[in-house]
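Participant: Numbering (our numbering), first residue to last: 4 to 75. Built from N, CA and C at the ideal position, the CB exists for glycine as well. Being a predicted model, the structure only gives us computed values, none of them experimental.
Written out as structure tokens, the structure is:
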């Protein structure tokens, strides 16, 4: 992962946390626009990073949703 990718990811995380309201997709959209402006990029350039973040969240949630193994 590139440094810019990680920097964008951290900025999106920070932006969503700082909204002060429950996160919804409009908040995510605003975060994308905000981060794009900060990094002088087009919002479409931010979307692959958001996609990666969603996939990682999905992988982590999938792991947590696995039934516990039987200790037998």
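I'd like the list of long-range same chain contacts for residue 37, defined as Cβ closer than 7 Å, with 5 residues on each side in sequence excluded.
Facilitator: Reading the chain shown from its first residue, position 34 is the one you call residue 37. Within the same chain, residue 37 has close Cβ partners 18.
Participant: Put residue 68 into one of helix, strand or coil per three-state DSSP.
Facilitator: The residue you call residue 68 lines up with position 65 of the chain shown. Here residue 68 sits in helix by DSSP.
Participant: Given a cut-off of 8 Å on the beta-carbon distance, is the pair residue 57 and residue 46 in contact?
Facilitator: Position 54 of the chain shown, counted from the first residue, corresponds to residue 57. Position 43 of the chain shown, counted from the first residue, corresponds to residue 46. Cβ distance not < 8 Å, so residue 57 and residue 46 don't count as in contact.
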